[in-house]
Amino acid sequence: MVQIRDPNTCANFNEITIENINFDWFVDFEKTRIVGAAILNYRVLKDTDKIILDISDQTICSIKLNGKKCKARSGEIPLVGKYLLIDGQFSSGQKGKIEFQYSTSSSASALQFVESSLTADRTHPFLYSQCQQIHAKSLVPCMDTPAVKQTYTANITVPKGMQCLMSAVLLEDEGRPINNREIDGSEQFVQFNFLQVC
């Protein structure tokens, strides 16, 4: 069988694939970043002793592999980018989960935060994302290659009065109030739930 190569990724996508990602994010407009969790559901394509993911400037607080805390090491391949390597024994056909608690950088190339003064109504800030080319790795540790296609679910928390849209089905008509998340005791938040399927 011919092995697919992609010169723009560090990921070992010929050995392991990501089938689904579950996001639980808080959009922090003050610090222009996203904070939260991502659970990558993987399937092993052939026996290997590692999972390699593309990364770019995230602050990773913790990693769990199949529910257990694990360590990873990072590195960089010149002209390709940074990577995160998780050691282990992974057998063909095996499925599992990698959970990251992390935040994006305020300079994440996939995210563009727009101040409220620059928006049409000048009342709320705006955020849009663009992951084409090789920008997804600045949003989430992933296999940033078109050779890996996955579905996702997302719970996104934003300030009350704001709307959240994604390339997925919104599961509720409007955001659910979240009363236990406050900044400076005054701002309330709403959560939007999405399901993206192929």
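1542 is the number that the numbering used here gives to position 131 of the sequence shown; each next residue is one higher, with no gaps.
Ideal Cβ placement from N, Cα and C applies to all residues, glycine included.
Checklist entry - Across which residues does DSSP place ASN1452 in a beta bridge pair? => result ASN1431, LYS1508
Checklist entry - How is ALA1565 classed by DSSP in three states: helix, strand or coil? => result strand
Checklist entry - Could you check where the beta strand (DSSP E) with GLY1486 kicks off and where it finishes? => result 1484-1488
Item to check | Counted within 10 angstroms of its Cβ, other Cβ atoms place SER1520 as buried (16 or more) or exposed | outcome: buried
Checklist entry - Helix or strand or just coil, what does DSSP make of LEU1496? => result Strand.
Checklist entry - So, does the CB of THR1562 fall closer than 7 Å to a CB anywhere in chain D? => result This model lacks chain D altogether, as it is built from one protein chain only.
Checklist entry - Mapping DSSP to helix, strand and coil, what is SER1540? => result strand
Next on the checklist: Whole angstroms are fine: how far does the CA of LYS1560 sit from the CA of ALA1483?
Outcome noted: 24 Å
Item to check | Nearest neighbour of PHE1424, chosen from GLU1583, TYR1453, LEU1522 [CA to CA] | outcome: TYR1453
Next on the checklist: Measuring CB atoms only, is the segment 1550-1566 touching the segment 1431-1446, in the sense that at least three cross pairs come out at less than 8 Å?
Outcome noted: Contact holds: three or more Cβ-Cβ distances are below 8 Å.
Checklist entry - Relative to the alpha-carbon of THR1515, which residue among GLN1544, PHE1501, ILE1471 has its alpha-carbon at the smallest distance? => result ILE1471
Next on the checklist: On the CB-based measure, 16 or more other CB atoms within 10 Å of its CB, does GLN1602 come out buried or exposed?
Outcome noted: buried
Checklist entry - Taking GLU1510 as the reference, which of ILE1427, ARG1444, ILE1450 has the closest Cα? => result ILE1450
Next on the checklist: So ASP1460 and GLN1505 are supposed to be a Cβ contact under 8 Å. How far apart are they, rounded?
Outcome noted: Taking C-beta atoms under 8 Å as the contact rule, ASP1460 and GLN1505 fail to qualify, at a distance of about 13 Å.
Checklist entry - From ILE1415 to ILE1427, what distance separates their C-alpha atoms? => result 13 Å
Next on the checklist: Between TYR1513, VAL1569, LEU1495, which has its C-alpha nearest THR1420's C-alpha?
Outcome noted: LEU1495
Checklist entry - Among all the DSSP beta bridges, which residues are the ones paired with GLN1607? => result TYR1563
Checklist entry - Between which two residues does the beta strand (DSSP E) harbouring THR1443 extend? => result Here THR1443 belongs to no beta strand (DSSP E), and DSSP marks it neither H nor E.
Checklist entry - Hey, how far is the Cα of ALA1448 from the Cα of ASP1532? => result 31 Å
Item to check | Own chain partners of ILE1594 with C-beta closer than 6 Å, once the 5 adjacent residues on each side are dropped | outcome: For ILE1594, the predicted structure reports a pLDDT of 46, less than 50, and the residue's modelled location is therefore unreliable. A value from the coordinates is still provided. None.
Item to check | Bridge-paired residues (DSSP) for LEU1476 | outcome: LYS1479, ILE1509
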